[in-house]
Every structure is written in C-alpha cells, then in structure tokens.
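Participant: Residues in the sequence shown are numbered from 1 upward in steps of one, following this note's numbering. Quick one: the structure is below, and I'll ask about it shortly.
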Amino acid sequence: MEWALRMRTLRAWLIVMLLLHQFHHHHHESMACLEQEKMALLAFKASVPWTDDDDTSSGRLPSWVEDDDNDDCCSWERVQCNLTTGRIIQLSLNFTRNRWSSYDDAHIPIWLLNASLFLPFQELQHLDLSENGFRGLADNEWLEPLGRLKRLEVLDLSWNAFNNSILPSLGALKSLKNLFLSGNNLEGNFPAEELAGLENLQMLDLSGNRFNGSVQAIQGTYKSSFAVPWAPSHITPNIH
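Here it is as structure tokens:
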C-alpha cells in the first residue's frame, strides 16, 4: 500500500513538472517577436544618422542587435509586445539621438522620417518619435503609411522640426485618439481641413507652434470635443 502511494505521488509530481515545462515552453514561444518586425527595428536603427554626440547610454539603441543571446526583440529597450501574440504594440523611440545638436549644428546630418519603416508593425498602438530633431519626411507617401496601421491610437511627433508640409497627410491617420505635435515649426491658419477626418481624436497638442485663430473657433470645427493644450501666447487672436 505504501509503495503504491509513493508511485501515485511520484506520477503526480512528474505530471506537474511536465505541465510546467510545457507552459514555460509555450510562454517563451508566445513572447518571441516576429522576424519581420525585428528586421524593421534594425532597419530603423540603421536609418538613424548617428554622431559622436549620441554615444550615450540612451543613444544608439545598444540592445538592438541580432545575435543568439538577444534574438527576441520583445526584450529590447523601448519595445513593448503583446504577451500572447508577440506582436509589437508600443515603440518609445523618443530622443534616440542628440536633438539639440540636430537643430543647431550645421555638421549634424539631417534626419528625415521614413514612415514606411513602421508598416510591419500591424498591431502597433503607441508610437513616440518625439525629441529626435526630424526635419521632414523622407518620401512622397509622407505620413500615409502610418494610416495603414489600423490600431495606432497614440502618435507623438512633438519637439522635432516639422513644418506645414506634414499637415496634408495627417488626415490619413484615422485611428488616432491622441496626436502630439507640440514644439514644431507649424504656423499660419489652423489646418482644420487636414484634421477633419480624424473622427476618433480626443487629444490634440499643438503647443509651441504659431497658428492663427482662437481655440474656441478651432474646437468648433469638430463634431466631438477634445482637449487642445497649447500656449495662448502662440495663437494669434481673431480680430473682428
């Protein structure tokens, strides 16, 4: 009787260990990022015009390397994945190089944002590209590739050097709920027509730009209400 009890206990222990092993193996597999998304991250890193000023702990994306010990890009810095699918859902790519030098020094290479690099991230929800010193967009598609990311809800382009040339393509980003454009070189009449298609928009940050018009008039162009946190000193009031 005692021998049979021991055998049942041993059998139960072996079953538990087998289940734990299978769970760990499945969990590890589900966490691994997709190969095409990893390649897209490496392509983004290769597109950054690095300088000696960027050789810091926050620059050069040191964990973004392809080797046997660091093959899963879900473990890379600034990357967040869905734990079940392994798809990337958030990229925090703010301040990837020395922004201030990008503005002020003539010898610093100009960086143009290539939005097509983000097309593989079909489950991306949050993209932060702030404080990078972008001077413009790299190709004729402008920001429209980001409009193909149907789950993208948050886009932060603040504190770059974008001008009004980016405005016409903003209307393609129909899934956005939060759009941050503060601290760029946007000016003139508020782009109500360009932003009219953003029906899901809840937050629009335009602070630090130089648009004409009153906050009340601008908010009145939208069917839904949302916050527009901008500095009044950068708005030219309407004169009647």
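Just so you know, even glycine gets a beta-carbon here, dropped at the ideal spot from N, CA and C.
1. So, do the stretch 62-78 and the stretch 144-161 have three or more beta carbon pairs nearer to each other than 8 Å?
2. Could you give the first and the last residue of the continuous alpha helix (DSSP H) run that contains Glu194?
3. Under 8 Å by Cβ, that's how I've got Gly183 and Asn212 pegged, so tell me the actual separation to the nearest angstrom.
4. Report yes if the CB atom of Leu143 is closer than 9 Å to the CB atom of Ala161, and no otherwise.
5. Leaving out the 5 sequence neighbours to the left and right, which residues in its chain are closer than 6 Å to Leu127 when beta-carbon positions are compared?
6. Going by beta carbon distance, what residues of the same chain come within less than 6 Å of Ala32, once the five residues before and after it are set aside?
7. Along the chain, where does the alpha helix (DSSP H) that runs through Gly133 open and close?
8. With 16 other CB atoms within 10 Å as the buried threshold, where does Lys174 fall?
9. In this structure, what does DSSP give as the bridge partners for Leu179?
10. Please classify Ser92: does DSSP put it in a helix, a strand, or coil?
11. Just to confirm the assignment, what range does the alpha helix (DSSP H) spanning Gln80 have?
12. Ignore the nearest five residues each way along the sequence and tell me which others in Ser130's own chain have a CB closer than 6 Å to its CB.
13. Skipping 5 residues on each side, what residues in its chain have a beta carbon closer than 8 Å to that of Thr170?
14. If you follow the beta strand (DSSP E) that Gly188 is in, where does it begin and where does it stop?
15. So if DSSP puts Arg210 in a beta bridge, which residue, or which two residues, is it bridged to?
16. For a test of the three-state rule: what should DSSP assign to Leu119, helix, strand or coil?
17. Would you mind stating whether Leu117 and Ala43 have Cβ atoms separated by less than 9 Å?
18. Hey, quick one: how far does the alpha helix (DSSP H) through Leu127 stretch, first residue to last?
19. Please name the residue, chosen from Pro62, Asn185, Glu35 and Gln202, that lies closest to Arg210 on a Cα-to-Cα basis.
20. Among the residues of its own chain, which have a CB less than 7 Å from the CB of Leu246, if the five just before and after it don't count?
21. Return the CA-CA distance between Ser165 and Phe134, expressed in angstroms with no decimal places.
22. Who are the near neighbours of Trp64 in its chain, counting only those whose CB is closer than 8 Å to its CB and skipping five residues on each side?
Facilitator: In short:
1. no
2. Within the sequence shown, the letter at position 194 stands for residue 194. Looking at the DSSP string, the run of the alpha helix (DSSP H) that includes Glu194 is Ala192 to Leu195.
3. As a first step, residue 183 is located in the sequence shown; it is residue number 183 there, counting from the start. As a first step, residue 212 is located in the sequence shown; it is residue number 212 there, counting from the start. In fact, because the Cβ distance is near 18 Å, the residues do not count as touching under 8 Å.
4. Taking the first residue of the sequence shown as position 1, residue 143 is located at position 143. Taking the first residue of the sequence shown as position 1, residue 161 is located at position 161. No. Outside cutoff.
5. For the purposes of this step, residue 127 is taken as the residue at position 127 of the sequence shown. Only Leu91 and Leu155 meet the Cβ criterion.
6. Taking the sequence shown and counting its residues from 1, one reaches residue 32 at position 32. Once the five neighbours on either side are set aside, the close Cβ partners of Ala32 are Asp72 and Gly86.
7. In the sequence shown, the residue the question calls residue 133 occupies position 133. Element bounds for Gly133: n/a, residue is neither H nor E.
8. For this step, residue 174 is matched to residue 174 along the sequence shown. Label assigned to Lys174: exposed.
9. Translated into positions along the sequence shown, residue 179 becomes position 179. BP columns for Leu179 point to Leu155 and Leu204.
10. As a position in the sequence shown, residue 92 is number 92, starting the count at 1. Strand at Ser92.
11. For this step, residue 80 is matched to residue 80 along the sequence shown. Premise fails: Gln80 lies in the beta strand (DSSP E), Val79 to Cys81, not in any alpha helix (DSSP H).
12. Taking the sequence shown and counting its residues from 1, one reaches residue 130 at position 130. Asn94, Asp156, Ser158 and Trp159, listed in sequence order.
13. The count along the sequence shown starts at 1 and reaches residue 170 at position 170. The sequence as given places Leu at residue 170; Thr does not occur at that position. Counting only Cβ-Cβ distances below 8 Å, and skipping sequence neighbours, we find Leu143, Leu179, Pro191, Glu194, Leu195 and Leu198.
14. Locating residue 188 in the sequence shown gives position 188, counting from the first residue. Where Gly188 is concerned, the enclosing beta strand (DSSP E) stretches over Glu187 to Asn189.
15. Walking along the sequence shown from the start, residue 210 turns up at place 210. DSSP lists Glu187 as partners of Arg210.
16. Within the sequence shown, residue 119 is the residue found at index 119, counting from 1. Of the three classes helix, strand and coil, the one that applies to Leu119 here is coil, per DSSP.
17. Here residue 117 refers to the residue found at position 117 of the sequence shown. Here residue 43 refers to the residue found at position 43 of the sequence shown. In this structure, Ala43 lies closer than 9 Å to Leu117 by Cβ.
18. Counted from its first residue, the sequence shown places residue 127 at position 127. Counting along the chain, Leu127 falls outside any alpha helix (DSSP H), though it belongs to the beta strand (DSSP E) covering His126 to Asp128.
19. Here the question's residue 210 lines up with position 210 in the sequence shown. For the residues Pro62, Asn185, Glu35 and Gln202, the minimum Cα distance to Arg210 belongs to Asn185.
20. Limits of the chain in this structure are 1 at one end and 240 at the other, which puts residue 246 out of reach.
21. The residue you call residue 165 lines up with position 165 of the sequence shown. The residue you call residue 134 lines up with position 134 of the sequence shown. If I take the Cα positions, the gap works out to 13 Å.
22. Counting from one through the sequence shown, the residue named residue 64 turns up at place 64. Answer for Trp64: Leu41, Leu42, Lys45, Cys73, Trp76 and Glu77, listed in chain order.
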